[in-house]
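Read through the structure below, which is laid out as structure tokens, and then see the notes.
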Amino acid sequence: MRIEHHTIQILSFLINNTTVSIEELAGHLKVSTKTIQRYLLEVENLIRELSFEVALINEGNALKLSGDTNRLKLIIQKLNQLSVNYEKDRVAFIIGTLLNAKQAITIGELSERMHVARSTVEKTVTQAREFIEDYEAEIIGSNRGLVLEASEESKREILASLFQHYLAGMIINTHSAEKLPLNISLNIQTDMMVDKYLIDETQRIINEFVYVNDLDVTDYQYQSVIIHISIAIDRILKERYIEEAEFSQVVDNLLTQQLVKMLESKFNVTIPNHEIAFLNMHVEGFTNNAASHRDGEMIQHLEYSDIIQNAIDKHLQVLKPDEILKQDLAVHLNTSLKRLKQNITIKNPYKEKIKADYSTAFNNAVEIALDISQEAQVIINSDEISYIAIHIQSFLERKDEEKIEVILVCASGYGTVRLLEQRLKQQFGEYIQIKETVGLRELELIDGDNQLIISTIPIESDRDNIITVSPLLTNHDRYLLSNFIEKQALQINELQKLLVSDLVFVSERRNDNRRSVLTNLVTHLIYRGYAKVGLLESALQREEIASTAFHFFALPHGEVEYIEKSVMAVYYNPHGIQWGDQIIKIVFFMAFNPYDDFKVDRFYKEFNELISRQSFLEKLNEIKDREQLFAFLRDDWRD
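Rendered as structure tokens:
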């Protein structure tokens, strides 16, 4: 049976979201709700015909999958290998054909090979030209036909990019006899570009190479090196060599030399020195994994340490990053820059989900990428940015686990102290961290203003952060502690701190767009003393790198150097705002000054809670004026 690409897209989207509406699904696939209804029938037929152990449940306007979704994820990956996306496949066919052609090919020849009309071929050639324009390549038409003109290095980059589009993921094969039972999953369309046998054999060699050398590699590094080396070997076998001047250095990397011997032996080929230098570039990116190195001294000697360190210090200062983030991100960025300097990019299959679900991390990643790309003179695309965002999100989740620090004051014996500690950890370990235990004489030496003091004997003090408990922790003691923890959570509302009624706007205009809204908001920010001239240009430049629009809202911001005081400006238009190629309804302009007394991570936690509520958009649609919007954002959304 034929499996349409949109069917796989729908199943994947439903797996990754608990419940979605038909409108959300239509927005994700960029089709009408009527088309989605037709697609859903195809999904139900596929589930029924292939006997998936899942069911598609449609309750009103809410769609969800029920059943063994873990098994379905594996099935989807395999189906991806067989899925058909005619438009993308035609583009890949034309590019692949022209890349391997020894002479010009006419539109008529392509029409016959593809079994489509000449007009379809002409349209596809235009799309192919758009695809390759970023690779210093060009499709030239003449009386003789079409020729793809590019350096061999650029041709390999184009092939790698096509492969990334057809990558269906990675599978761990527990039944494999290989020492490293990994397989990349590719769509059958890649067969027209590189022979499948060659890819399979390259994969076996890489698996052995990784296992023998005990390398710690990430999935995207693994996938990338197999794709690039498979393409390189295929081109070498076809005697399509890269220009010697591009890679003339002598390679003394023992791992690269080892891999070259394995490849030469398997494919009965002699790899020239300049091709070895090309392979070495991929091996270095493959073997320098951030997860293997957390040595501060080593980071100081990275090739791009100054550029990276400056960007991290500048853009992550407000988050107060820990050493794990600084070190892991530095090594990741250094490896990425070395790869990007050779125009080698890696596709991130989770890019859109990272962008939508981890907006804080993604926005910070964009700022870092913008800075580094200018300093290092490389292009950092949204796939690369999303990998940076993963490191930042990991830090934010570590930081999110921060607990109320407790100083335990106990005058009883050692055994009683340990019993109380144990009971506190059992009952409140999710919320508190016992920083230290002190006796009565040590209490006056402790600065406990920012901690909770739990004491087994009454302490006469005006402080409101002291709770007296029994060494046995009674039910009443638990009640007091629960109340304190709950009040602490309610007291800290960073979202409220940043809301100012004069910077909340409701518009009824029918032609609002990104530039007009940003101009409006930034003008008010400057006029009211929250920002300086230059913020608008900074925000627009940042939007050009990667749009901050997510579903129905956008989170624009500019460089911190243009912010005088932290605040959030809000602009809502029920008729919609044209934000690049998306239509959104509400804009939250984030103006953060890192020197203000402001917890940005807590703000984003509250903000994400706000926009993640299913009722948020429904309540937003009821807003009529700025007073209602201000009240709603301050308090009413919690109801």
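Quick note on UniProt numbering: the sequence shown kicks off at 1 and runs consecutively.
Glycine included, every Cβ here is placed at the ideal spot set by N, Cα and C.
Model, not experiment: these values are computed from the prediction.
Sequence-distant residues of the same chain with beta carbon closer than 6 Å to residue 209, five excluded per side
Taking the sequence shown and counting its residues from 1, the one referred to as residue 209 is at position 209. 259, listed in sequence order.
Element boundaries [beta strand (DSSP E), containing residue 199]:
Position 199 of the sequence shown, counting from 1, holds the residue named residue 199. Note, residue 199: premise wrong, no beta strand (DSSP E); alpha helix (DSSP H) at 196-212.
For residue 478, which residues from the same chain have a beta carbon less than 7 Å from its beta carbon, with the 5 sequence-adjacent residues on both sides left out?
Mapped onto the sequence shown, residue 478 falls at position 478. Cβ within range, chain order: 427.
Cα-Cα separation, residue 494 to residue 140:
Along the sequence shown, one-based indexing puts residue 494 at 494. Along the sequence shown, one-based indexing puts residue 140 at 140. When rounded, the distance between both Cα atoms is 57 Å.
Please report how far the alpha carbon of residue 273 lies from the alpha carbon of residue 205, in whole angstroms.
As a working mapping, residue 273 is identified with position 273 in the sequence shown. As a working mapping, residue 205 is identified with position 205 in the sequence shown. Roughly 20 Å separates the two Cα atoms.
Which term fits residue 543, buried or exposed, when burial requires 16 or more other beta carbons within 10 angstroms of its beta carbon?
For the purposes of this step, residue 543 is taken as the residue at position 543 of the sequence shown. Its Cβ being crowded by 16 or more others within 10 Å, residue 543 is buried.
For residue 437, which of helix, strand or coil comes out of DSSP?
Taking the sequence shown and counting its residues from 1, one reaches residue 437 at position 437. Residue state, collapsed to three classes: strand.
Could you pull out every residue in the same chain whose Cβ sits closer than 7 Å to the Cβ of residue 91, ignoring the five residues on either side in sequence?
Locating residue 91 in the sequence shown gives position 91, counting from the first residue. Excluding sequence neighbours, residue 91 sits near 124, 127, 128, 131.
To the nearest angstrom, how far is it from the Cα of residue 134 to the Cα of residue 120?
Residue mapping note: residue 134 aligns to position 134 of the sequence shown, counting from 1. Residue mapping note: residue 120 aligns to position 120 of the sequence shown, counting from 1. Between residue 134 and residue 120, the C-alpha separation is close to 23 Å.
Tell me whether residue 326 is buried or exposed, calling it buried when 16 or more other Cβ atoms sit within 10 Å of its Cβ.
Taking the first residue of the sequence shown as position 1, residue 326 is located at position 326. Buried.
Whole beta strand (DSSP E) runs in the UniProt domain "PTS EIIA type-2" (497-636) with 3 or more residues, listed along the chain?
499-506, 567-579, 582-591
Using a Cβ-Cβ distance under 8 Å, would residue 524 count as near chain E?
Here there is only one protein chain, and chain E is not present.
Do residue 105 and residue 99 have their beta-carbon atoms positioned less than 8 Å apart in this structure?
What you label residue 99 is simply residue 99 of the sequence shown in a count that begins at 1. What you label residue 105 is simply residue 105 of the sequence shown in a count that begins at 1. No, Cβ-Cβ distance for residue 99 and residue 105 is not below 8 Å.
Taking buried to mean at least 16 other C-beta atoms within 10 Å of its own C-beta, is residue 396 buried or exposed?
Along the sequence shown, read from residue 1 onward, the residue named residue 396 stands at position 396. Label assigned to residue 396: buried.
Starting from the C-beta of residue 389, find all residues in its chain whose C-beta is less than 7 Å away, skip the five residues before and the five after it, and write them out in chain order.
Within the sequence shown, numbered from 1, the residue matching residue 389 stands at position 389. Cβ neighbours of residue 389 beyond the five flanking positions: 354, 358, 361, 362, 365.
Taking residue 583 as the reference, give the member of 266, 589, 574, 267 with the closest Cα.
Position 583 of the sequence shown holds residue 583. Residue 583 has its Cα closest to that of 574, out of 266, 589, 574, 267.
Less than 7 Å between the CB of residue 136 and some heavy atom of the ligand GTP, yes or no?
As for the ligand GTP, it is missing from this structure, which has no ligand bound.
What residue range does the alpha helix (DSSP H) around residue 27 cover?
Residue mapping note: residue 27 aligns to position 27 of the sequence shown, counting from 1. Here the alpha helix (DSSP H) through residue 27 covers 22-29.
Relative to the C-alpha of residue 345, which residue among 164, 10, 24, 26 is closest?
Taking the sequence shown and counting its residues from 1, the one referred to as residue 345 is at position 345. Among 164, 10, 24, 26, the Cα nearest to that of residue 345 is on 164.
Check residue 217 in the structure and name its three-state DSSP category.
As a first step, residue 217 is located in the sequence shown; it is residue number 217 there, counting from the start. Coil, per DSSP.
Provide the residue(s) that pair with residue 455 in DSSP beta bridges, ordered along the chain.
As a position in the sequence shown, residue 455 is number 455, starting the count at 1. In DSSP, residue 455 forms a bridge with 409, 468.
Does residue 10 pass the burial test, meaning 16 or more other C-beta atoms within 10 Å, or should it be called exposed?
Here residue 10 refers to the residue found at position 10 of the sequence shown. So residue 10 ends up on the buried side.
Who are the near neighbours of residue 336 in its chain, counting only those whose CB is closer than 7 Å to its CB and skipping five residues on each side?
Counting from 1 along the sequence shown, the entry for residue 336 is found at position 336. Here the set comprises 384.
What first and last residue would you give for the alpha helix (DSSP H) that runs through residue 108?
Translated into the one-based positions of the sequence shown, residue 108 becomes position 108. Where residue 108 is concerned, the enclosing alpha helix (DSSP H) stretches over 107-114.
So what's residue 171 in DSSP terms, helix, strand or just coil?
Mapped onto the sequence shown, residue 171 falls at position 171. Only weak support exists for where residue 171 lies, its pLDDT of 42 falling under 50; the coordinates are left without a value.
Looking at the strands, I want to know which residues DSSP matches up with residue 56.
As a first step, residue 56 must be located in the sequence shown, where it is residue number 56. Residue 56 is bridged to 65.
Taking the continuous beta strand (DSSP E) assigned at residue 146, which residues delimit it?
Taking the first residue of the sequence shown as 1, we reach residue 146 at position 146. Counting along the chain, the beta strand (DSSP E) containing residue 146 begins and ends at 145-149.
My guess is that residue 525 and residue 569 are in contact by the Cβ rule of under 8 Å, so how many angstroms apart are they, rounded?
Taking the first residue of the sequence shown as 1, we reach residue 525 at position 525. Taking the first residue of the sequence shown as 1, we reach residue 569 at position 569. That belief holds up - the Cβ atoms of residue 525 and residue 569 are roughly 6 Å apart, short of 8 Å.
Residues in the same chain with beta-carbon distance under 8 Å from residue 303, minus the five sequence neighbours each way, listed in chain order, please.
Along the sequence shown, one-based indexing puts residue 303 at 303. If we look at residue 303 and ignore the five residues flanking it on each side, its Cβ neighbours are 334, 337, 338.
Using the DSSP secondary-structure output, state which residues sit across from residue 138 in a beta bridge.
If you number the sequence shown from 1, residue 138 lands on position 138. Beta-bridge pairing links residue 138 to 149.
According to the neighbour-count rule (16 or more other Cβ atoms, all chains shown, within 10 Å of its Cβ), is residue 644 buried or exposed?
The requested residue 644 is not part of the displayed model; the chain covers only 1 to 639.
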